[in-house]
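Enquirer: For the sequence shown, the numbering used here begins at 1 and goes up steadily by one. Please see the structure below; I have some questions.
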Amino acid sequence: MSGQTKYDEHAHLVEKMAEVLGVDLEEEAMAGRWTPEDMQDTVSRCLGCTEPSQCKGWLGSHDTGTDETPGFCRNKDLLEAMRARLVSA
């Protein structure tokens, strides 16, 4: 057993989803636009997803990047807003 918790699994999915959108969550945190509480809230929404395997499959087929989050993502609006801010900067 890897020792990975369900929370850790979903935290990784959030980070990977941000990454394929071109959003660097560490950079956002250093700039003060992303707090530990934001991460907890985002992972909590992700934990409510009933199909994390669908997310993993989608991420695997978009590992070179994309500019749109899948419709089933519970953090779609948040992540796309972050990406839009970066693109317009």
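C-beta atoms are modelled at their ideal positions from N, C-alpha and C, and glycine is treated no differently.
I'd like the list of long-range same chain contacts for Leu21, defined as Cβ closer than 6 Å, with 5 residues on each side in sequence excluded.
Expert: The beta carbon of Leu21 sits closer than 6 Å to those of Leu79, Arg83, all from its chain and outside the five residues before and after it, given in chain order.
Enquirer: Which class does Asp24 belong to by DSSP, given the choice of helix, strand or coil?
Expert: coil
Enquirer: Out of Lys6, Asp67, Leu47, Gly57, point me to the one whose CA is closest to Ser88's CA.
Expert: Asp67
Enquirer: Between the Cα of Cys55 and those of His10, Lys6, Thr5, spot the shortest distance and give me the residue it belongs to.
Expert: When C-alpha distances from Cys55 are compared across His10, Lys6, Thr5, the shortest belongs to His10.
Enquirer: Over the uninterrupted alpha helix (DSSP H) stretch that includes Cys46, give me the two end residues.
Expert: 36-47
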